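**Q** Before we start, here is the structure in question, set down as structure tokens.
Structure representation (structure tokens):
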């Protein structure tokens, strides 16, 4: 949480977005003031109309004229009410829209590292309910605060003018009110912020419970999840009730103190009047004004609470908007040299990467000095144990993350010297978890292609990519390639999604293609077919493919082994298999054996790989499983 | 996006329900009266449990209002009676009484107002807690079929922005209605007692008032419905984009996504502005009607004064009363506005709560304490939604303790078999029997204990690694959690994390690799210790050593247990007792893996392909 800055400065930040609406808010505020003054004036007019023309004149015309005057004033009041609404409330929604769009664009600009840390619910609650609170405050709370404060100041001024002693007594009442108001502000702003944060957390829990519905159902954990959720919702309830309790203190203060002061004024004023030091007329006028002033004073409590709620909301909004993206476009971007005929060169030079430290203690480096050269037009497989940082390494190329030290270069240019748009147009990724969007198959596949592509060319790309990725099934969907898939559309199986995502990566025709275990959800036969087609298509495209299986390695010209954050071997599959113990272990689960024995094994393995695999797993797994059975039973 | 997907859905699955643009109008197709009755019914059922504190709040409001009204009366008494008493008779008692009572009332009134704030928050928050719990419970009970259609964003919008709309009504509504209503009743009574003929003029105002209110009701209802739908669209878009932020950035869709979102947000803005405008007309109209009526009272009364039918003093009072009568009307208008907004939200909320789970809990649940794990599919037919059949008529017996592997092309119906067994869906015809009991009759808790499914999508919830593993068995000790982690070989990894088992996983388990997440999901299943374990492509992200380790662990775990394994990795399949090759929802090959591998059928082909890949590079 950011340190508590004075609320004025946080709320002042809203000027940036509210500026276009300021003139209308001011004019609207004035009409609001006019309307409320008019409302106060009407009874006086009524009185004088009745007492004046009606009593003195006694003609029908006078009666009709008087009624006409009252009617005119009434219509004017209604007109002012209407003006206030159209003047402020509607432009307020414009300010809200600008803030909402700005927040969204900023979130799109913030790097993946930011999104790793922030839960969806917290971001969503900022973009929806926080902004709506801010809008209401801006067009209603702020305006009414000004109107009420003005009314109070003018009223107290009048009271002092009418009966100075009594006015000062009334003013003295302001001292405890201000003190309590200050105390209230301190307490309330803390609890208001907590309530908004808890609401965001609750939204996160809802989001997770829906996204993880399969897991909850598979384990029948719906009731436990409900228990957790209700506990969390109950915490929010408790906070809201605590908030109300805090507010009730100021409600009491603003309700009781002015009235109590009037009681004192009565006790002081009547003897003064009896002694003739104050006229009875002044006494009456004093109390009449006080009755009018007390209403806005009482309203101040609510308005103050509203202001502090808006402050908490603004604080939360600004917290995100002020987050500076750690992955940014350079000041003076370099242009990527034209695409080399033989393909692009990608170099990773002493690359280090660590996730930003958070919580307790430093986090170890994921990549600790990776040197890797992807030769132009070749395909390199990246092999390593699960969690060794292969996916992370892949994501450094399109700058989804930035290196903590070292450099990644494409065609000799450091990726940090390129604009992200230029870099990402040249580099295309197929993620292991295929992320598809609620759009047609066509749009999903052509997601990364230029928008101004001629229709015919786009169609060719689409069809070609679908063929290569063996995603032809999409043509048989209910609406063919126009079928909407993704969350809001048709659900596809894991393998189907993976193939569409692969087609999407290929359709870009990038200089550099990054495939993160792209075939993991495919069955053996499909995988073989995709592999064969990919090898043809990838000719000339520099490709890095994360591989867990020998079958995926088959895509590659050579293999790089990632071990303990470094590249410990580069070579062909056969070479590495023969010479690199870790590689052998990763791809076959076989522990290191000496090379000669390995070669013999290799021949034997051809006929009975499975037994090899079984033999390998023993120690750890056996022990662990046995131990587990003991503990579990 | 990450969430709903049907693994192994048929190659051309039926449309999984209408897209939300249409789905949003689901409710619109229903009879509006039914919708309104249902949403008011929901409001009633939410308010009933808090009826007592709610009436107590109303009583507090009335008392506070009376205390407030007493102030001016005491001042009047002070000036009219206590002042002459003091000035003429030197008698200070009336003044002391007046000031003393006023002081007491001031403090008392303040206390009452403060109590109103607390009491109404308690009522409002109790209702919201109840509603949130109901929504959560209900969405958890709804079947996957529903979730695939409804989208997570819309559920989130129900739980957030729709709930907020109801909150606004609850927070201010009760007190506003009570105090304004009371004020109007008191004023009207006073006026009627003072001069009933002037009171009649007020009645004339009722006619345009009713017409205006009816107009507002219809217009605002439509407007707020649009507004709720628009809010849900914005939320859906937001959630989808943020969930897929990697792909958005990698494919440079920031601009396009911003445009789409901006357009949705603009629709939302417009519906909000329109709702405000409609309310503005209503508000202005009410003010106008009130003011015109006051002029009418003056005109009628003034003419009567001329005819000597009315005292001037009475006319002044009558006109002032008439004016005061209309003042709270704006407050009531505001209440009605938030009521309309809340009603639109309640329509959405009650429609969600009215969704019947397509996989209902049994009427007379059969308890299954000791499950052997005998699984039988008897003449099972199935299709998704109203779509074509996926399983034509499947008969299958898996004896207790057998491990069965399902093999076949994507969309052949393997996952469907698994999902029917786990009762994610219900069969169209036939029955799935567990130990001879139809799974539709098994007590839900017992079924979930007996049958556990691990899927390819290994979702991790935010929280510690230990909590994620313990999802398999709530209340498991740390030792049991660790043992399960050891069994799948993820212990060393977890131990190496900054806080070990207490390390918080990032959003969606971001910091763990896909393979590691899958191992954690496996540890969950180990801990759950079910009689029947279903693995649906659960090893796809594992590396070879990881898979070997898991398999070794599984062999221990599965000894004597029934297992249904779906995998395209033959290395996973070969360890099972029996293999079924499925095609188009039918079993085309059935036998021991070693036998089928040499039988010359489809499995043999797959086997050869697999062997080839092991040799290739």
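Residue numbers (the numbering used here), protein chains in the order written: chain A, 975 to 1607; chain B, 72 to 688. Here a beta-carbon is modelled for each residue, glycine too, at the ideal position from N, C-alpha and C. Fair warning: this is a prediction, and the values are worked out from it, not measured in the lab.
Below 8 Å on the Cβ atoms is my guess for residue 1352 of chain A versus residue 1516 of chain A; work out the distance and round it to an integer in Å.
**A** 7 Å
**Q** At a Cβ threshold of 8 Å, is residue 1097 of chain A touching chain B?
**A** True, the Cβ-Cβ gap to chain B drops below 8 Å.
**Q** Tell me residue 502 of chain B's beta-bridge partners as DSSP assigns them.
**A** B:449
**Q** Buried or exposed: residue 1092 of chain A, going by 16 or more other Cβ atoms within 10 Å of its Cβ?
**A** buried
**Q** Taking only beta-carbon positions, decide if residue 127 of chain B is within less than 8 Å of chain A.
**A** no
**Q** Rounded to the nearest angstrom, how far is the Cβ of residue 128 of chain B from that of residue 246 of chain B, given a contact under 8 Å?
**A** So it is a contact: roughly 7 Å between Cβ atoms.
**Q** Does residue 294 of chain B pass the burial test, meaning 16 or more other C-beta atoms within 10 Å, or should it be called exposed?
**A** buried
**Q** So, are the CB atoms of residue 582 of chain B and residue 1219 of chain A less than 8 Å apart?
**A** no
**Q** Cβ of residue 158 of chain B less than 8 Å from any chain A Cβ?
**A** yes
**Q** Pull the bridge partners of residue 1185 of chain A from the DSSP assignment, please.
**A** Paired residues: none, contrary to the question.
**Q** Looking only at its own chain, which residues have a Cβ that is under 6 Å from the Cβ of residue 1221 of chain A, when we skip the five neighbours before and after it?
**A** 1279
**Q** Between the beta-carbon of residue 1436 of chain A and the beta-carbon of residue 1416 of chain A, is there less than 8 Å?
**A** yes
**Q** How is residue 1566 of chain A classed by DSSP in three states: helix, strand or coil?
**A** In this prediction, residue 1566 of chain A scores a pLDDT of 42, lower than 50, which makes its location untrustworthy; the coordinate-derived value is nonetheless stated afterwards. Residue 1566 of chain A: coil per DSSP, three-state reduction.
**Q** Where in the region 1483-1565 of chain A do unbroken runs of the alpha helix (DSSP H), each at least 4 residues long, occur, reported from the N-terminal end onward?
**A** 1498-1512, 1524-1527, 1547-1553, 1555-1562
**Q** Roughly how many whole angstroms lie between the Cα atoms of residue 1051 of chain A and residue 358 of chain B?
**A** 8 Å
**Q** Would DSSP call residue 1380 of chain A helix, strand or coil?
**A** strand
**Q** Going by CA-CA distance only, name the one from A:1065, A:1007, A:1042 that's closest to residue 366 of chain B.
**A** A:1042
**Q** Cβ closer than 8 Å: which chain B residues qualify as neighbours of residue 1223 of chain A?
**A** Chain order gives the chain B residues near residue 1223 of chain A as 185, where near means a beta carbon separation below 8 Å.
**Q** For residue 986 of chain A, would you say it is in contact with chain B, using Cβ-to-Cβ distances shorter than 8 Å as the test?
**A** No, residue 986 of chain A does not count as interfacial toward chain B.
**Q** Only counting the same chain, and skipping five residues up and downstream in sequence, which positions put a Cβ closer than 6 Å to that of residue 296 of chain B?
**A** 415
**Q** Which bits of chain B does residue 1244 of chain A rub up against, with CB to CB less than 7 Å?
**A** 149, 153, 154, 157, 166
**Q** Among A:1244, A:1388, A:1556, which one has its Cα closest to the Cα of residue 1260 of chain A?
**A** A:1244
**Q** Going by Cα to Cα distance, which pick from B:668, B:362, B:390, B:408 is closest to residue 236 of chain B?
**A** B:408
**Q** Under a Cβ-count criterion, where at least 16 other Cβ atoms within 10 Å of its own Cβ denotes burial, should residue 607 of chain B be classed as buried or exposed?
**A** buried
**Q** Can a CB atom of chain A be found closer than 8 Å to the CB of residue 669 of chain B?
**A** no
**Q** Who are the Cβ neighbours of residue 565 of chain B in its own chain at under 7 Å, not counting the five residues just before and after it?
**A** 536, 556, 571, 572
**Q** Using only CA atoms, which one of B:488, B:530, B:327 lies nearest to residue 577 of chain B?
**A** B:530
**Q** Going by the beta-carbon positions, is the gap between residue 1543 of chain A and residue 1532 of chain A smaller than 8 Å?
**A** For the pair residue 1543 of chain A and residue 1532 of chain A, the CB atoms are not nearer than the 8 Å cut-off.
**Q** Starting from the C-beta of residue 1035 of chain A, find all residues in its chain whose C-beta is less than 7 Å away, skip the five residues before and the five after it, and write them out in chain order.
**A** none
**Q** Out of B:172, B:417, B:214, point me to the one whose CA is closest to residue 111 of chain B's CA.
**A** B:417
**Q** Since residue 1458 of chain A and residue 1414 of chain A are thought to touch, with beta carbons under 8 Å apart, how far apart are those beta carbons, to the nearest angstrom?
**A** 6 Å
**Q** What's the call for residue 1585 of chain A, buried or exposed, on a 16-neighbour Cβ count within 10 Å?
**A** Residue confidence for residue 1585 of chain A is low, a pLDDT of 43 falling below 50, so the modelled location carries little weight and cannot support an answer.
**Q** Examine chain B for any beta-carbon lying closer than 8 Å to the beta-carbon of residue 1334 of chain A, and answer yes or no.
**A** Unreliable positioning characterises residue 1334 of chain A in this predicted model, as indicated by a pLDDT of 46, which lies under 50. The coordinate reading is nonetheless provided below. Yes, its Cβ sits closer than 8 Å to a Cβ of chain B.
**Q** Go through its chain and collect everything with a Cβ distance to residue 1229 of chain A's Cβ below 6 Å, but skip five positions before and after it.
**A** Closer than 6 Å at Cβ, skipping near neighbours: 1272.
**Q** With DSSP run on the structure shown, which of helix, strand or coil describes residue 202 of chain B?
**A** helix
**Q** Out of B:177, B:124, B:116, point me to the one whose CA is closest to residue 145 of chain B's CA.
**A** B:177
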